[in-house]
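K.L.:
Structure in structure tokens, see below.
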Amino acid sequence: MEYWYLWLIFIVLCAVTAFVLKKASAALQQHNSDTKQMYDEIERLKTLKDKYKNADAQQIAEAPAEELLAGMCAVLQAKIERAENANACFCAFSAPQKTVYTLQFFLEDCAEHLSAFFKVNGEPLTGALPSALAAIGEDALSALSAELYAMYDENNEEISLDKAEILRLDSAFAEKFDRERVLRRTKAYIEAHFAEILA
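For reference, each letter of the sequence shown is one residue, going 434 to 632 in the working numbering.
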């Protein structure tokens with residue numbers, strides 16, 4: 434076997450090809466799964482928007498708190514998506530509309546750390562969080578978010594990011610944050626202001 438090494442090269446090439454095909458197949462499956470999740474989420478939000486855009490007091494009173502908040506936010510999101518300037522549209526919202534929209538993203542993004550909300554969002558959403566939390570009676574969380582906002586506010590040159598302070602605020606937030614309580618208070622707020630939110 435004068436050219437035995439060619440067989441070795443062939444075997445290695447076959448192994449590499451099999452590996453690449455396996456990786457490509459896994460990547461395609463992941464892409465298809467991600468795409469399906471995205472379309473499922475779009476359909477879910479459309480369904481919520483259609484369900485709550487003309488909701489009455491009884492429908493709102495009977496709705497689960499988390500679904501109600503998501504539904505109200507879907508209605509507001511549709512307005513933002515139709516606007517030429519999303520930030521200007523948000524800034525033109527009434528106080529109850531800003532509150533509901535901000536609280537939806539707050540609950541989606543804060544997870545266990547308040548700082549997570551400020552890391553993944555920007556103005557005008559981040560600046561609206563302290564007043565949104567205060568509007569539903571979450572004064573302690575509002576104060577913590579105001580402190581953290583000051584550090585993430587690009588226009589505030591007096592305060593800079595301080596990792597130790599962020600950890601302290603995140604820890605204090607974890608002690609005081611109760612997702613179910615926030616949802617209950619948000620639902621009560623929506624019940625009191627639903628006409629203005631849906632205006």
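Each residue gets a CB set at the ideal place from its N, CA and C atoms; glycine is no exception.
Bear in mind that the values here come from a model prediction, so they are computed numbers and not experimental data.
1. Tell me the DSSP secondary structure of Asp603 in three-state form.
2. With a 10 Å radius around its C-beta and 16 neighbouring C-beta atoms as the bar for buried, classify Cys524 as buried or exposed.
3. Can you list the beta strand (DSSP E) stretches of 3 or more residues lying completely in the segment 509-591, in chain order?
4. Among Met584, Gln510 and Ala494, which has the Cα closest to the Cα of Tyr622?
5. Who are the Cβ neighbours of Asn554 in its own chain at under 7 Å, not counting the five residues just before and after it?
6. Ala579 and Pro557 - do their beta-carbons sit closer together than 8 Å?
7. Return yes when the Cβ of Thr619 is within less than 8 Å of the Cβ of Leu547, no when it is not.
8. From Leu616 to Lys596, what distance separates their C-alpha atoms?
9. From this set, Ala632, Glu624, Asp483 and Tyr582, which residue's C-alpha is nearest Ala549's C-alpha?
10. My output table needs one value for Asp483: the three-state DSSP class, helix, strand or coil.
11. Keeping to the same chain, check which residues put their C-beta closer than 8 Å to that of Leu577; ignore five residues upstream and five downstream.
12. Closest by CA to Met505, which one among Glu476, Asp611, Ala561 and Lys531?
13. Apart from the five residues just before and just after His626, which ones in its own chain have a Cβ nearer than 6 Å to its Cβ?
14. Can you give the Cα-Cα distance for Ala632 and Glu514, rounded to whole angstroms?
15. Where does the unbroken alpha helix (DSSP H) through Ala628 begin, and where does it stop?
16. State the start and end residues of the unbroken alpha helix (DSSP H) segment that holds Lys494.
17. If Tyr534 and Leu509 are in contact, beta carbons under 8 Å, what's the gap, nearest whole angstrom?
18. In chain order, what residues of the same chain lie with their CB nearer than 7 Å to the CB of Tyr585, ignoring the 5 residues before and after it?
19. Can you list, in chain order, the residues of its chain whose CB lies under 6 Å from that of Ala519, leaving out five sequence neighbours each side?
P.N.:
Reading off the structure:
1. helix
2. exposed
3. none
4. With respect to the C-alpha of Tyr622, the residue from Met584, Gln510 and Ala494 having the closest C-alpha is Ala494.
5. Phe538 and Asp542
6. no
7. If you check the CB distance, Leu547 and Thr619 do not come in under 8 Å.
8. 29 Å
9. Tyr582
10. helix
11. Excluding sequence neighbours, Leu577 sits near Leu547, Leu602, Ala605, Phe606 and Lys609.
12. The candidate whose alpha carbon is nearest that of Met505 is Lys531.
13. Correct list, in chain order: Pro529.
14. 16 Å
15. Ala628 -> alpha helix (DSSP H) spans Arg612 to Ile630.
16. Correcting the residue identity first, residue 494 is Ala in this sequence and not Lys. Start and end: Ala490 to Glu495.
17. Yes, Tyr534 and Leu509 are in contact; Cβ-Cβ is about 5 Å, under 8 Å.
18. Excluding positions up to five away in sequence, the list reads Phe551 and Thr559.
19. These residues qualify, in order along the chain: Ile513.
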